[in-house]
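Trainee: In this note's numbering, the protein residues as written are 584 to 771.
#1: Counting only the same chain and skipping the five closest in sequence on each side, list residues whose C-beta sits under 7 Å from that of residue 728.
#2: Could you tell me if residue 732 is buried or exposed, where buried requires 16 or more neighbouring beta carbons within 10 angstroms of its beta carbon?
#3: Does DSSP put residue 759 in a helix, a strand or coil?
#4: According to DSSP, simplified to helix, strand and coil, what is residue 744?
#5: Taking the continuous alpha helix (DSSP H) assigned at residue 734, which residues delimit it?
#6: Is residue 746 near residue 757, with beta carbons less than 8 Å apart?
#7: Looking only at C-alpha atoms, which of 743, 737 and 744 sits nearest to residue 762?
#8: Of the choices 708, 744 and 712, whose alpha-carbon is the least far from that of residue 724?
#9: When burial is assigned at 16 or more other CB atoms within 10 Å of the CB, is residue 660 buried or exposed?
#10: From residue 755 to residue 740, what distance separates their C-alpha atoms?
#11: According to DSSP, simplified to helix, strand and coil, what is residue 659?
#12: Tell me, which residues are paired with residue 738 by DSSP?
#13: Could you name the residues that DSSP lists as bridge partners for residue 754?
#14: Comparing C-alpha positions only, which one of 649, 708 and 759 sits nearest to residue 726?
#15: DSSP three-state label for residue 708, please.
#16: With DSSP run on the structure shown, which of helix, strand or coil describes residue 666?
#17: Going by DSSP in three states, residue 647 sits in which element: helix, strand or coil?
Right under this line is the structure:
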């Protein structure tokens, strides 16, 4: 089943939402993917971030491209360094209070086009399907990414964690966990 949500009239983004407990949401701008996110009611229903990245890198043979090879080398160095210093990475948030997981990637051209508001509408719908809460994990280095869940009821949980795999523009990055109780879920 596919439902459609039309964002603000001036936005050129349409949101297609496959149904189900684990779903991939795609916003398209003139039929080109502009924003992609995945969602699930529990950690087990959605693949781990590392597995998704490994699959994408392998499927597209990213290491054969000069920038892809550099990214892979940085990632491997970060993973090895983190393990040697016994620092954990971002990992999964395994907490029954925050079961609905959201993972967003936004192209620069799609920012501010209304797809984020459509995402919030879809997440409110999760309450009707039994999800008591949700969490998002924006990069601290992207103020807009942090501001978005905060403006829609999310609050910070814990301290930012350095990501071992995500290095936008070659820089170090940190991910923040934002949680939001939808319908009376416990906080903490």
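Glycine residues also receive a C-beta, built at the ideal position from the N, C-alpha and C atoms. Just so it is clear, the structure is predicted and the values come from calculations on it, not from any experiment.
Mentor: Result, derived from the coordinates:
#1: 721 and 722
#2: buried
#3: coil
#4: strand
#5: 726-734
#6: yes
#7: 737
#8: 744
#9: exposed
#10: 21 Å
#11: helix
#12: 762
#13: Answer is none; residue 754 lacks a bridge partner.
#14: 759
#15: helix
#16: helix
#17: helix
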